[in-house]
Amino acid sequence: MLETLFIKNYALIDEFSVQFQDGFNVISGETGAGKSIMLGGLSLILGQRADTAILNNPQIKCIIEGKFKIEEKRYKSFFQENNLDFEKETILRREITPSGKSRAFINDTPVKLSILKSFCQGIIEVHSQHQSLALKDTNNQLLLLDQFCRHNALLQEYKDEYSKFLQLKRQLKSLNEKGEVSLSELEFLTFQLDELENANLQEGEMQEVEDELAMLNNAEQIANVLDKGVNFLEKENGALDLLSEIVRDLSEISDYNKKLFEINERFEKTVIELKDISTELFSLKEQSVSNPDRLNQLNARLDIFNSLLLKHRKNLLSELVELKEDLQNRLNQLSNYDTEIENLKNEVIIQEQKIRVLAKKISKNRKSTIPDIENQIKSILKRLGMPFAVFSIEIKELDILSINGEDEVVFLFSANKGIKAEKLSSIISGGELSRLMLAIKYISAKYQNTETLIFDEIDSGVSGEIANLMGEMMKKIGEQKQLIAVTHLPQIAAKGNQHYLIYKEIKAGTTNTLIKELKTEERINELAKLLSGEKITATAIKNAGELLNQ
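With my numbering, the residue at position 440 of the sequence shown is 1128, and numbering never jumps.
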């Protein structure tokens, strides 16, 4: 139940606070006084989005705060799941700063707007003229019927499984698209792979080929230089002979001095190193001979490398090796697509069977609920001055499943005797729509757990005795739930347990919207104004008093 609503710096509202009570609360006020503004402010703590355009004073933040009395057994789990402190009197708050930043709070704990909105869906429902018009939409008619069926858990199970079904279908579509490779494309991929495999590419091979080519192309020059090196080291009285002689001489005197011993060791190592160098020089010299066949073979190999690099727009041989692996994986995947697609098709079929079973259960619930709802609504419409009203709910099974199941629902209505019931969208007047909407809300109040209902001029298009009857019905709704109704009709305003007036006040050239709870005498004056306009007559006062005492 909404106990207190506080609004600061919102549109024409500088600041006001109002305390609501149990039962039937009515709000009235002249056109433009700010009734819609108040409801707009309330919508912010229900999770609606806002921007800085709503700020009365653009220099300070807007604050909307609502205090709700809630039941622990119903909401404790929500608070635990969202790591919030539970309070039987829970405070919801929205703040919009001049910079446009929006913040939401539950009991002073910052929360995401989606969490605030989710919480409010269970505690308060706002019904406006726009929603009355929305009743003409068959999708909304289906949602209303489901409220009467009390099968929320079954509906949620179906929606969860339906989402899985759609996901599987998307996966199947994606797999089909990936697997849609033409024969020519498949042949081309195979050709590319065969070409790379036949090339027998090895990482680092290109560098080896280029190095060997450099040797062969310069074989004569290399052989001459290497020959000089070998002769320098190996010839009689060459470098190795002379160094070996020095080593022998040093070994004879190395015992005399530690330094001499160390120098001799270094000479010995140098001799060993130069012998190794001589051996390698000789080996390279033997290889450095002209070999036209080998030269042609290596050039042909290098041409293959360069041709493949150019064709595939690669810079390194290692990239071609990676490409070969990618092509192999791609072809393997394509060969497996048929199996994967077949498996996924079976999953889709199984999931569709599952949701069709759930859809049948939902449809059965709807069909079994319809007769009772039709009778209740027709009974209420008779009490609201439509004795010949016909109301029926037509349900038709569709071949294609939707998020709401397999049914299409259409509300049929006729207000007059002998006139065939037709779709709401084509035949219902504003006053008839208001009465039908009230009848539906009256019945749904028994089925819903929502603790607070707000009617924003649900009485549009009616007057006189019909308005009086609608007021009686709203009062009965107020016996089951807290009802807050915005109205222009005195017959309805008089039925409220409490009456609030929204009015404008001008101070220092600035308009401000305010609200106050009316005392008995003030209520009579406000009812008289609703009856006769700004000029209140004695007759209007008398009639207002009688209305209030009915």
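Beta carbons are placed, not taken as given, at the ideal position from N, Cα and C, and that holds for glycine.
What separation, rounded to the nearest whole angstrom, lies between the Cα atoms of S932 and A988?
-> Sequence index remark: in the sequence shown, residue 932 carries index 244 (1-based). Sequence index remark: in the sequence shown, residue 988 carries index 300 (1-based). Distance between the alpha carbons of S932 and A988: 48 Å.
Burial state of E865, where buried means 16 or more other Cβ atoms lie within 10 Å = The count along the sequence shown starts at 1 and reaches residue 865 at position 177. Counting Cβ neighbours within 10 Å, E865 comes out exposed, since fewer than 16 surround it.
State yes or no: is the C-beta of I811 within less than 7 Å of the C-beta of E1139?
-> By 1-based counting over the sequence shown, the position of residue 811 is 123. By 1-based counting over the sequence shown, the position of residue 1139 is 451. In this structure, E1139 lies closer than 7 Å to I811 by Cβ.
Under a three-way DSSP split, which group does S705 fall into?
-> Taking the first residue of the sequence shown as position 1, residue 705 is located at position 17. Reduced to three states, the DSSP call for S705 is strand.
Sequence-distant residues of its chain with Cβ nearer than 8 Å to G926 (five each side left out) = In the sequence shown, counting from the first residue as 1, residue 926 sits at position 238. So the list reads N919 and F920, once near-sequence residues are dropped.
Contacting residues, own chain, Cβ-Cβ under 6 Å from R782 (five flanking each side not counted) = Mapped onto the sequence shown, residue 782 falls at position 94. Hits under 6 Å: L732, I733, I752 and A792.
Should L734 be counted as a contact of the ligand ADP given a C-beta to heavy atom distance under 6 Å?
-> Of ligands this structure carries none, so the ligand ADP is not represented either.
Using 10 angstroms around the beta-carbon of N1156, count the other beta-carbons present and answer buried if the total reaches 16, otherwise exposed.
-> Within the sequence shown, residue 1156 is the residue found at index 468, counting from 1. Buried.
Candidates D825, I1038, F955 and F807: which alpha carbon is nearest N770's?
-> Residue 770 sits at position 82 when you count from the first residue of the sequence shown. Minimum Cα distance to N770 is reached at F807.
Let me know if I1088 comes out buried or exposed under the rule of 16 or more other beta-carbons within 10 Å of its beta-carbon.
-> Working through the sequence shown from its first residue, we reach residue 1088 at position 400. Under this definition I1088 is an exposed residue.
Give the C-beta separation of Q1064 and I1146 to the nearest angstrom, bearing in mind that I take them to be a contact with Cβ-Cβ under 8 Å.
-> The residue labelled residue 1064 in the question sits at position 376 within the sequence shown. The residue labelled residue 1146 in the question sits at position 458 within the sequence shown. Contact flag wrong, Cβ pair sits at about 18 Å.
Just reading off the beta strand (DSSP E) that I695 is part of, what are its end residues?
-> Counting from 1 along the sequence shown, the entry for residue 695 is found at position 7. L690 to Y698 is the extent of the beta strand (DSSP E) around I695.
Per-residue burial, P1178 [other beta carbons within 10 Å of its own, 16 or more giving buried] = Here residue 1178 refers to the residue found at position 490 when the sequence shown is read from its first residue. P1178 comes out buried.
Supposed close pair M1162, A1173 - CB separation, criterion 8 Å = Counted from its first residue, the sequence shown places residue 1162 at position 474. Counted from its first residue, the sequence shown places residue 1173 at position 485. About 6 Å; that satisfies the 8 Å criterion.
At what residue ranges does the region 865 to 948 contain a whole run of the alpha helix (DSSP H), taking only runs of 4 or more?
-> 871 to 887, 893 to 905, 907 to 922 and 927 to 941
CA-to-CA distance, I1190 to Q835, given in whole angstroms = Here residue 835 refers to the residue found at position 147 of the sequence shown. Here residue 1190 refers to the residue found at position 502 of the sequence shown. Roughly 33 Å between the two C-alpha positions.
Return the first residue and the last residue of the alpha helix (DSSP H) that I1239 is part of.
-> As shown, the chain starts at 689 and ends at 1238. That puts residue 1239 outside it, with no answer to give.
At least three beta-carbon pairs within less than 8 Å, the region 889 to 902 to the region 1004 to 1012 = yes
In chain order, what residues of the same chain lie with their CB nearer than 8 Å to the CB of N1053, ignoring the 5 residues before and after it?
-> Position 365 of the sequence shown, counted from the start, is the residue given in the question as residue 1053. The residues are C837, H839 and L842.
DSSP on T645, reduced to helix/strand/coil?
-> Residue 645 falls outside the range modelled here, since the chain spans only 689 to 1238, and no answer is possible.
Is it right to say A1226 is buried, meaning 16 or more other beta carbons lie within 10 angstroms of its own, or is it exposed?
-> Sequence index remark: in the sequence shown, residue 1226 carries index 538 (1-based). Burial call: exposed.
Residue interval of the alpha helix (DSSP H) (run including L1218) | Position 530 of the sequence shown, counted from the start, is the residue given in the question as residue 1218. Taken as a continuous stretch (DSSP letters only), the alpha helix (DSSP H) holding L1218 covers T1208 to S1220.
So, are the CB atoms of K1169 and A1216 less than 7 Å apart?
-> Residue numbering aside, residue 1169 sits at position 481 when the sequence shown is read from its first letter. Residue numbering aside, residue 1216 sits at position 528 when the sequence shown is read from its first letter. No, these two residues do not count as a Cβ contact at 7 Å.
Starting from G810 and walking both ways along the beta strand (DSSP E), at which residues does that stretch end?
-> On the sequence shown, residue 810 is found 122 positions in, with the first residue counted as 1. Careful: G810 lies outside any beta strand (DSSP E) and carries neither H nor E.
In the DSSP assignment, find the alpha helix (DSSP H) that holds G1118 and state where it starts and stops.
-> Here residue 1118 refers to the residue found at position 430 of the sequence shown. From DSSP, the alpha helix (DSSP H) with G1118 extends over G1118 to Y1135.
Roughly how many angstroms separate the alpha carbons of Q844 and V1045, rounded to a whole number?
-> Counted from its first residue, the sequence shown places residue 844 at position 156. Counted from its first residue, the sequence shown places residue 1045 at position 357. Distance between the alpha carbons of Q844 and V1045: 14 Å.
Nearest CA to the CA of K824: which residue from L1100, A1127 and M726?
-> Residue mapping note: residue 824 aligns to position 136 of the sequence shown, counting from 1. Minimum Cα distance to K824 is reached at L1100.
Would you kindly work out how many angstroms separate the C-alpha atoms of L690 and G722, rounded to a whole number?
-> Taking the first residue of the sequence shown as position 1, residue 690 is located at position 2. Taking the first residue of the sequence shown as position 1, residue 722 is located at position 34. Distance between the alpha carbons of L690 and G722: 19 Å.
With burial defined as no fewer than 16 other Cβ atoms inside 10 Å of the residue's Cβ, what is the status of F756: buried or exposed?
-> Along the sequence shown, one-based indexing puts residue 756 at 68. Counting Cβ neighbours within 10 Å, F756 comes out buried, since at least 16 surround it.
Beta carbon of V714, beta carbon of I1142: below 7 Å?
-> By 1-based counting over the sequence shown, the position of residue 714 is 26. By 1-based counting over the sequence shown, the position of residue 1142 is 454. No, these two residues do not count as a Cβ contact at 7 Å.
Straight-line Cα distance separating E1030 from L801 = Locating residue 801 in the sequence shown gives position 113, counting from the first residue. Locating residue 1030 in the sequence shown gives position 342, counting from the first residue. Cα to Cα, L801 sits roughly 43 Å from E1030.
Enumerate, from N- to C-terminal direction, the unbroken beta strand (DSSP E) stretches of 3 or more residues contained entirely within the region 749 to 801.
-> 750 to 757, 777 to 784, 790 to 794 and 797 to 799
Cβ neighbours of G788 in the same chain (closer than 7 Å, five flanking residues each side left out) | By 1-based counting over the sequence shown, the position of residue 788 is 100. D739 and T740.
Nearest neighbour of K776, chosen from S939, I758, F766 and L938 [CA to CA] = The count along the sequence shown starts at 1 and reaches residue 776 at position 88. Of S939, I758, F766 and L938, the residue nearest in Cα terms is I758.
Taking C-beta to C-beta, are T692 and Q709 nearer than 7 Å?
-> Translated into the one-based positions of the sequence shown, residue 692 becomes position 4. Translated into the one-based positions of the sequence shown, residue 709 becomes position 21. Cβ distance not < 7 Å, so T692 and Q709 don't count as in contact.
On the three-state DSSP scale, how would you describe Q1170?
-> Start at 1 with the first residue of the sequence shown, and residue 1170 comes out as number 482. Correct three-state label for Q1170: strand.
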